[in-house]
Amino acid sequence: MKKSMFLGSVVVVALLLFSYSSATAEYYKYRDAEGHIRYTDNWADVPEDQRPATETFEGVSDSAPSQIPAIDDNSPAGNNVEENDDSEKDDQAVPVVDEETIKELNQRKKELDKEFADLMEEKYNLLKEKEKLANSLAGRDTAAVAEYDKKVEVLNRKIADYQKRRDAFQEETEAVKKAVENPGS
82 MKKSMFLGSV VVVALLLFSY SSATAEYYKY RDAEGHIRYT DNWADVPEDQ RPATETFEGV
142 SDSAPSQIPA IDDNSPAGNN VEENDDSEKD DQAVPVVDEE TIKELNQRKK ELDKEFADLM
202 EEKYNLLKEK EKLANSLAGR DTAAVAEYDK KVEVLNRKIA DYQKRRDAFQ EETEAVKKAV
262 ENPGS
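Its first residue numbered 82, the sequence shown is counted upward by one per residue in the numbering used here.
Written out as structure tokens, the structure reads:
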């Protein structure tokens with residue numbers, strides 16, 4: 082009897098140890114009554130009428146690659162960036178990491194972030210329009226529905242284009258990050 086209790090305890094402890102995974106939190110993006118974008122980790126804080134369209138994000142995990150920090154033009158950290166010597170370059174396309182490159186990447190990131198916010202605003206407006214169509218007689222108006230569908234298609238194309246440019250930006254950022262981490266290779 083003691084052996085089976087001990088064995089059972091060992092199995093339970095082993096299962097607990099092997100089932101360990103890092104905890105991540107979900108957080109939600111929504112608009113408040115004044116139209117400001119808000120983030121919360123409490124689903125109850127999201128207004129009920131916005132819950133179907135609420136964006137859900139996973140918390141940062143340990144395996145996620147870190148981002149290159151933005152460098153303030155006046156900060157002393159910006160002056161510590163080493164420039165690559167032309168004689169050290171080989172035939173590989175290793176990006177030159179200098180202050181100008183960092184500034185350009187930061188500017189492109191700002192532009193991509195603004196574009197993302199604009200796209201999400203447009204998406205939010207289309208969701209409102211969809212609700213109005215569904216709740217009114219216009220929902221039966223095929224011309225209004227067709228116009229709405231065209232707007233959705235245009236938005237989808239814009240989002241796809243944005244995602245391509247964001248992916249290219251992320252690849253370039255990763256290349257710069259690798260060049261900073263391994264300046265000799």
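Just so you know, even glycine gets a beta-carbon here, dropped at the ideal spot from N, CA and C.
Tell me the DSSP secondary structure of residue i in three-state form.
{"i": "V141", "result": "Its pLDDT being 49, under 50, V141 is placed unreliably in this model, and the value from its coordinates should be taken loosely. Residue state, collapsed to three classes: coil."}
{"i": "E185", "result": "helix"}
{"i": "S85", "result": "helix"}
{"i": "D179", "result": "coil"}
{"i": "Q131", "result": "helix"}
{"i": "V92", "result": "helix"}
Which residue or residues does DSSP assign as beta-bridge partners of residue i?
{"i": "R119", "result": "Y111"}
Just tell me which of the options has its CA closest to the CA of residue i.
{"i": "E203", "options": "E255, V233, K213, P128", "result": "V233"}
{"i": "D194", "options": "R247, T223, L236", "result": "R247"}
{"i": "A296", "options": "N187, D130, R112, E210", "result": "Lying before the first or after the last residue shown, residue 296 is absent from the chain, which here runs from 82 to 266."}
{"i": "T182", "options": "I118, V261, N237", "result": "V261"}
Can you give the beta carbon distance from residue i to residue j, rounded, assuming they're within the 8 Å contact cut?
{"i": "V178", "j": "V257", "result": "6 Å"}
{"i": "Y109", "j": "V91", "result": "Contact flag wrong, Cβ pair sits at about 41 Å."}
(message) Runs of 4 residues minimum, wholly inside the stretch 189–263: which ones carry the alpha helix (DSSP H) assignment?
(response) Listed in chain order, they are 223–262.
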